[in-house]
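Read in UniProt numbering, the sequence shown has 90 at position 90, and its numbers run on one by one without any break.
Every residue gets a Cβ at the ideal spot worked out from N, C-alpha and C, and that includes glycine.
On a predicted model such as this, the values are computed, not experimentally measured, just so you know.
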Amino acid sequence: MPAYDDNNVFARILRGEIPCHKVYEDDRTLAFLDIMPRTRGHTLVIPKVKATGLADIEPDDLCHLMGVVQKLGPRITEALGADGFMIQQFNGAGAGQTVFHIHFHVIPRWADQPMRP
Ligand code: 5GP
1 MPAYDDNNVF ARILRGEIPC HKVYEDDRTL AFLDIMPRTR GHTLVIPKVK
51 ATGLADIEPD DLCHLMGVVQ KLGPRITEAL GADGFMIQQF NGAGAGQTVF
101 HIHFHVIPRW ADQPMRP
């Protein structure tokens, strides 16, 4: 895993240097719409601490982050009239991670609609 890069795109969103469509914010977490949504309402949930992935986030920070994911998933699903939601989280370029600031994808799903790859 690369060292944390202060200029990764999510660090820049957290500093307000790149705009985002905010879904939720608290003192430790930001959630915003993915710029390339795989379904309508595809949301990214990130901590405000600097961590690249599961290997280097502190357990307490992960616990808070997961609490937000747990809260937002059902709320987004209900708000959009989706049938459920999917969570994705990638660690390492080989696993598909492209932004090296830990994030959870919250992806609403509709039973009759395919998901973009
Ligand atoms: P990963 O593959 O690292 O899990 O996913 C990174 C996600 O960040 C991708 O789904 C990508 O579309 C999203 N993303 C990349 N750059 C930006 C950006 O500038 N703004 C937003 N809102 N999402 C971004």
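At a threshold of 8 angstroms, does residue i count as lining ligand 1 (C-beta to nearest heavy atom)?
{"i": "D34", "result": "yes"}
{"i": "F85", "result": "no"}
{"i": "V68", "result": "no"}
{"i": "V49", "result": "no"}
{"i": "residue 125", "result": "Nothing can be reported for residue 125: it is not among the residues displayed for the chain, which extend from 1 to 117."}
{"i": "L30", "result": "no"}
{"i": "H21", "result": "yes"}
{"i": "I18", "result": "yes"}
{"i": "V106", "result": "no"}
Note down the Cα distance separating residue i from residue j, rounded to an integer number of angstroms.
{"i": "I76", "j": "A3", "result": "32 angstroms"}
{"i": "D26", "j": "A111", "result": "31 angstroms"}
{"i": "E78", "j": "T43", "result": "14 angstroms"}
{"i": "N7", "j": "K50", "result": "11 angstroms"}
{"i": "G41", "j": "V23", "result": "9 angstroms"}
Is the distance from the Cβ of residue i to the Cβ of residue j below 9 angstroms?
{"i": "F100", "j": "Q89", "result": "no"}
{"i": "V106", "j": "V9", "result": "no"}
Classify residue i as buried or exposed, calling it buried when 16 or more other Cβ atoms lie within 10 Å of its own Cβ.
{"i": "G73", "result": "buried"}
{"i": "G94", "result": "exposed"}
{"i": "T52", "result": "buried"}
{"i": "A55", "result": "exposed"}
Worksheet item: For the stretch 80-89 against the stretch 7-18, are there 3 or more C-beta pairs whose distance is under 8 angstroms?
Response: no
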